[in-house]
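Here the structure comes first, spelled out in structure tokens, and everything after it is commentary.
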Amino acid sequence: MPHHRLEVKKNYLYTKSMIFSYSKKKLSHQVLIIIIQKKKVRFAVNRNLFRRIIKEFFRLNMDALYNFDFVVLTNLSDNTTRRSLWDALKSFLVQFKFLC
Numbered sequence: 356m357p358h359h360r361l362e363v364k365k366n367y368l369y370t371k372s373m374i375f376s377y378s379k380k381k382l383s384h385q386v387l388i389i390i391i392q393k394k395k396v397r398f399a400v401n402r403n404l405f406r407r408i409i410k411e412f413f414r415l416n417m418d419a420l421y422n423f424d425f426v427v428l429t430n431l432s433d434n435t436t437r438r439s440l441w442d443a444l445k446s447f448l449v450q451f452k453f454l455c
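The opening position of the sequence shown corresponds to residue 356 in this note's numbering, with each subsequent residue numbered one higher.
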């Protein structure tokens with residue numbers, strides 16, 4: 356299981372494969388924006404899979420993340436596995452809970 360180191364600058368969390376920007380929720384609903392670079396993940400099937408995994412992660416952890424809006428900028432590649440993506444998201448959640 357890979358270990359992802361996080362750095363904190365203002366309202367940003369950085370991992371090896373993603374940048375998370377967050378702010379207090381301003382609307383009545385939560386906003387989640389996921390940016391996956393076509394240059395890095397060439398196949399639409401993989402981009403959509405990564406997007407679905409990230410959305411599912413945020414849906415499952417809504418109780419901890421409910422009061423915030425997020426922008427997720429990924430630095431994933433075609434050879435990124437589902438497990439490594441899920442582990443990176445879990446390490447983000449641990450650090451985010453620690454900060455907030």
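Each residue gets a CB set at the ideal place from its N, CA and C atoms; glycine is no exception.
Given the structure is predicted, the values throughout are model-derived calculations rather than measurements.
| Just checking, does the segment 374-382 make contact with the segment 400-418 on the three C-beta pairs under 8 angstroms criterion? | The segment 374-382, when compared against the segment 400-418, does not touch it at the 8 angstroms Cβ threshold.
| query | What are the start and end residues of the alpha helix (DSSP H) that includes D418? | reply | Residue numbering aside, residue 418 sits at position 63 when the sequence shown is read from its first letter. Where D418 is concerned, the enclosing alpha helix (DSSP H) stretches over 417-420.
| request: Taking all protein chains shown into account, decide if L454 is buried (16 or more other Cβ within 10 angstroms of its Cβ) or exposed. | output: Mapped onto the sequence shown, residue 454 falls at position 99. L454 comes out exposed.
| query | Nearest-angstrom Cα distance between V396 and R437? | reply | Counting from 1 along the sequence shown, the entry for residue 396 is found at position 41. Counting from 1 along the sequence shown, the entry for residue 437 is found at position 82. Looking at the two C-alpha atoms, the distance is approximately 14 angstroms.
| Close beta carbons around D433, own chain, < 7 angstroms, minus the five adjacent residues each side | Numbered from its first residue, the sequence shown carries residue 433 at position 78. Excluding residues within five positions, the ones whose Cβ falls inside 7 angstroms are V396, R397, F398, N401.
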